[in-house]
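Reading through the structure tokens given below for one structure.
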Amino acid sequence: MTTAAARERIYLFDTTLRDGAQTTGVDFSVEDKRRIAAVLDDLGLDYIEGGYPGANAIDSEFFSARPNLGASRFTAFGMTKRAGRSVSNDPGLQAVLQSAADSICLVGKSWDYHVRVALGITNDENLQSIAESLKAVVAVKKEAMLDCEHFFDGFKANPEYALAVARTAYDSGARWVVLCDTNGGTLPHEVEAIVERVARHVPGASLGIHTHNDTENAVANSLAAVRAGCRQIQGTLNGLGERCGNANMTSIIPTLMLKPEMANRFETGIAPEKLRSLTHASRVLDEILNRAPHRHQPYVGEAAFATKAGIHASAILKDPDTYEHIRPESVGNRRRLLVSQQAGKSNIMAELERVGVALDKDDPRIGTLLDEVKGREASGYSYESADASFELLARRSLGEVPKFFSVDSFSVVVQRRYNAKGEQVTLSKADVKLFINGDSEPLWSVAEGNGPVNALDRALRKDLGRYNTNIRSVELVDYKVRILTGGTEAVTRVLVESLDTATGERWFTVGVSPNIIDASFEALLDSINYKLMKDGAAVAHEA
Ligand SMILES: [Zn+2]
Numbered sequence: 026m027t028t029a030a031a032r033e034r035i036y037l038f039d040t041t042l043r044d045g046a047q048t049t050g051v052d053f054s055v056e057d058k059r060r061i062a063a064v065l066d067d068l069g070l071d072y073i074e075g076g077y078p079g080a081n082a083i084d085s086e087f088f089s090a091r092p093n094l095g096a097s098r099f100t101a102f103g104m105t106k107r108a109g110r111s112v113s114n115d116p117g118l119q120a121v122l123q124s125a126a127d128s129i130c131l132v133g134k135s136w137d138y139h140v141r142v143a144l145g146i147t148n149d150e151n152l153q154s155i156a157e158s159l160k161a162v163v164a165v166k167k168e169a170m171l172d173c174e175h176f177f178d179g180f181k182a183n184p185e186y187a188l189a190v191a192r193t194a195y196d197s198g199a200r201w202v203v204l205c206d207t208n209g210g211t212l213p214h215e216v217e218a219i220v221e222r223v224a225r226h227v228p229g230a231s232l233g234i235h236t237h238n239d240t241e242n243a244v245a246n247s248l249a250a251v252r253a254g255c256r257q258i259q260g261t262l263n264g265l266g267e268r269c270g271n272a273n274m275t276s277i278i279p280t281l282m283l284k285p286e287m288a289n290r291f292e293t294g295i296a297p298e299k300l301r302s303l304t305h306a307s308r309v310l311d312e313i314l315n316r317a318p319h320r321h322q323p324y325v326g327e328a329a330f331a332t333k334a335g336i337h338a339s340a341i342l343k344d345p346d347t348y349e350h351i352r353p354e355s356v357g358n359r360r361r362l363l364v365s366q367q368a369g370k371s372n373i374m375a376e377l378e379r380v381g382v383a384l385d386k387d388d389p390r391i392g393t394l395l396d397e398v399k400g401r402e403a404s405g406y407s408y409e410s411a412d413a414s415f416e417l418l419a420r421r422s423l424g425e426v427p428k429f430f431s432v433d434s435f436s437v438v439v440q441r442r443y444n445a446k447g448e449q450v451t452l453s454k455a456d457v458k459l460f461i462n463g464d465s466e467p468l469w470s471v472a473e474g475n476g477p478v479n480a481l482d483r484a485l486r487k488d489l490g491r492y493n494t495n496i497r498s499v500e501l502v503d504y505k506v507r508i509l510t511g512g513t514e515a516v517t518r519v520l521v522e523s524l525d526t527a528t529g530e531r532w533f534t535v536g537v538s539p540n541i542i543d544a545s546f547e548a549l550l551d552s553i554n555y556k557l558m559k560d561g562a563a564v565a566h567e568a
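Here the sequence shown is numbered in the working numbering, starting from 26 and rising by one per residue.
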């Protein structure tokens with residue numbers, strides 16, 4: 026019998042909505058911020074840094090009232106007061122102090138070089154600004170923190186001054202003194218050594234770590250800092266952040282909770298059952314950003330538990346521990362066995378099971394399907410990232426998919442010319458002629474688009490007769506083309522990602538042809554047929 030030793034608490038500070046919003050191309054609306062904050066709160070993050078009130082209209086509105094959060098502390102970011110001004114005369118700091126935040130994380134310089142060059146003030150004036158600003162946070166009864174900007178570079182250049190900044194913050198009432206690797210170039214062994222030295226001056230229970238991923242070590246640096254004493258970790262969902270991103274919270278959380286060497290020593294505010302919503306949280310963020318999820322992201326990516334070789338596949342089915350470092354279900358992910366050129370029967374059985382096709386392992390149709398998949402893969406198809414096409418193929422080979430409609434012909438015209446204003450324009454126009462199964466009259470549709478595939482997609486979906494309600498909410502969200510060489514001629518493989526805006530469901534379909542338009546059309550057709558199959562759309566009985 027053993028009793029678990031008391032574990033130390035690690036506090037998780039999420040900055041997706043503040044530092045993560047520095048990512049190129051990312052602009053959160055107030056509504057986006059509310060949705061993401063709710064997801065983070067539900068997951069159990071200790072701090073949600075929502076932005077910088079006073080810096081822009083969106084953040085000011087977001088901080089005008091506390092969002093409906095449970096245990097998470099609503100945190101505002103701000104700057105320490107400017108030298109030569111009093112706290113009460115600094116409108117930027119006042120906006121932060123008067124916001125609806127529970128906690129305030131101010132940023133201050135800790136590299137003497139930046140104090141001199143960027144601020145143009147003395148080292149002592151900088152310490153004074155930091156001290157007075159933090160005391161002002163404490164005075165309005167909010168929790169105070171300091172992000173020590175450029176801490177590690179500053180420490181290497183002038184350790185005494187960097188330490189003086191950290192110590193001043195602690196002595197001025199900062200609950201957390203956060204050591205920032207702002208440029209992201211510090212390596213794990215350096216972080217560990219420096220944090221150990223800092224922890225002799227400021228207790229580790231008040232130290233935080235904030236890293237960037239410029240050497241792909243942001244997560245490793247965060248863990249190194251924890252080993253050396255830090256008890257708060259700052260990071261972002263999916264590692265969002267400028268340049269190469271911030272420390273990836275989606276990797277840090279399961280590492281802390283599932284790896285025994287961490288989990289035996291530390292605990293977080295996240296409940297094990299909430300860990301199972303991690304994959305969902307990661308995907309929701311991608312959804313809001315309208316990005317395709319990163320397939321190879323550790324723990325939560327679609328490929329994180331995907332295994333290709335046949336021999337591994339059969340071993341995994343017997344004993345998952347042989348090839349997986351954690352159970353995929355623990356983070357809300359799932360195991361995937363890929364249908365590939367090496368695919369054996371066990372692979373295809375597992376894939377069928379995953380897409381929900383029930384077959385006995387001795388069913389002779391499995392062999393037929395396997396031969397078909399292999400034949401198609403030899404001619405350029407790949408089902409590894411086209412689940413919907415795979416399911417369609419499988420169910421068709423079992424006779425489960427009715428013919429909803431048939432395309433009689435299509436054509437696409439691409440024309441480049443000068444318009445009335447004398448500007449050069451390129452126009453694409455497509456027409457599609459099809460028969461809904463059971464109808465004797467064809468449906469003709471014509472549409473224009475910004476490119477041939479877009480025009481074809483629009484023409485195809487413009488009128489599908491009785492199926493219009495099924496496809497109304499379907500959108501093409503991503504389109505990838507790959508030219509496969511080898512053999513005598515080049516072949517084009519097209520991968521289409523579709524989104525049902527009504528349900529949020531995404532699916533992938535594939536098309537292959539020597540002709541890029543043909544390949545695209547095939548993938549578009551699969552997408553629509555998949556949707557109709559999933560909806561169980563009705564087919565007219567043939568006479
Ligand atoms: Zn940062």
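The beta-carbon is built from N, C-alpha and C at its ideal position, and this holds for glycine as well.
No experiment lies behind these values; they were computed from the predicted model shown.
Task: CA-to-CA distance, G209 to K284, given in whole angstroms - done: 25 Å
Task: Proximity test, H235 beta-carbon vs ligand 1 heavy atom, cut-off 8 Å - done: yes
Task: Assigned secondary structure, D288 (DSSP; H/G/I helix, E/B strand, else coil) - done: The question names Asp, but residue 288 is Ala in the sequence shown. If DSSP states are grouped into helix, strand and coil, A288 belongs with the helices.
TODO: Taking 9 Å as the cut-off, decide whether the C-beta atoms of E74 and D44 are in contact.
DONE: yes
Open item on the list: Any beta carbon of chain D sitting closer than 9 Å to that of D66?
Closed with: Chain labels in this structure do not include chain D; a single protein chain is all it has.
Task: Cβ-based burial, T275 [other Cβ within 10 Å; buried from 16] - done: buried
- [ ] Please find out if some non-hydrogen atom of ligand 1 comes closer than 8 Å to the beta-carbon of C269.
- [x] no
Open item on the list: Quick check on this structure: which residue in S410, H175, G400, Y406 has the alpha carbon closest to the alpha carbon of T332?
Closed with: S410
- [ ] Compute the minimum distance between the beta carbon of D239 and the heavy atoms of ligand 1, and state whether it is under 8 Å.
- [x] no
Open item on the list: Let me make sure I understand the geometry here. Which of K505, E292, C130 has the alpha-carbon closest to that of R32?
Closed with: E292
TODO: Could you check if G447 is buried or exposed, using at least 16 other CB atoms within 10 Å of its CB as the buried criterion?
DONE: exposed
Open item on the list: Classify P228: buried if its beta carbon has 16 or more other beta carbons within 10 angstroms, exposed otherwise.
Closed with: exposed
TODO: Spell out a yes or no on whether the segment 377 to 392 and the segment 503 to 519 are touching, meaning 3 or more CB-CB pairs, one atom from each, closer than 8 Å.
DONE: no
Open item on the list: Along the chain, where does the alpha helix (DSSP H) containing V216 start, and where does it finish?
Closed with: 213 to 223
TODO: Mind checking which residues open and close the beta strand (DSSP E) that includes H235?
DONE: 232 to 236
TODO: Report yes if the CB atom of V190 is closer than 9 Å to the CB atom of L232, and no otherwise.
DONE: no
Open item on the list: If you reduce the DSSP assignment to three classes, tell me which class A101 lands in.
Closed with: strand
- [ ] Work out the CA separation of I373 and H321 for me, nearest whole Å.
- [x] 22 Å
- [ ] Determine the burial state of D344: buried for a count of at least 16 other Cβ atoms within 10 Å of its Cβ, exposed for fewer.
- [x] exposed
Open item on the list: Within 10 Å of its beta-carbon, does D396 have 16 or more other beta-carbons around it, so buried, or fewer, so exposed?
Closed with: exposed
- [ ] Check whether the Cβ of T147 lies closer than 8 Å to any heavy atom of ligand 1, and answer yes or no.
- [x] no
Open item on the list: Which runs of the alpha helix (DSSP H) at least 4 residues long sit entirely within the segment 33 to 84? Give them in chain order.
Closed with: 55 to 68
Open item on the list: Taking the alpha-carbon of A194 as reference, which of T280, G133, G474, E56 has the nearest alpha-carbon?
Closed with: G133
Open item on the list: Are there any heavy atoms of ligand 1 lying less than 8 Å away from the beta-carbon of T207, as far as the coordinates show?
Closed with: yes
- [ ] List the whole-angstrom C-beta distance separating G254 from R301, where the pair is believed to meet the contact cut-off of C-beta under 8 Å.
- [x] About 30 Å separates the two Cβ atoms, so there is no contact after all.
Open item on the list: Which complete alpha helix (DSSP H) runs does the segment 164 to 220 hold, if anything under 4 residues is left out?
Closed with: 176 to 182, 184 to 196
Open item on the list: Please give me, in chain order, every unbroken run of the beta strand (DSSP E) with length at least 3 that falls completely inside the segment 118 to 168.
Closed with: 128 to 134
- [ ] Would you kindly check if the distance between the Cβ of L377 and the Cβ of A419 is under 9 Å?
- [x] yes
Open item on the list: So within the segment 452 to 489, which uninterrupted beta strand (DSSP E) runs reach at least 3 residues, ignoring any that extend past its ends?
Closed with: 468 to 474
Task: Whole beta strand (DSSP E) elements within the segment 386 to 465, 3-residue minimum - done: 430 to 443, 449 to 461
- [ ] Count the other CB atoms, across all protein chains shown, that sit within 10 Å of the CB of C205; report buried if there are 16 or more and exposed otherwise.
- [x] buried
Task: Cβ pair L459, L489 closer than 9 Å - done: yes
Open item on the list: Just checking G50 against ligand 1 - is the residue's beta carbon closer than 8 Å to any of the ligand's heavy atoms?
Closed with: no
TODO: Starting from T494, trace the alpha helix (DSSP H) both ways and give me its first and last residue.
DONE: 493 to 496
TODO: Report buried or exposed for I496, applying the criterion of at least 16 other Cβ atoms within 10 angstroms of its Cβ.
DONE: buried
Task: Per-residue DSSP class, three states only, for A548 - done: helix
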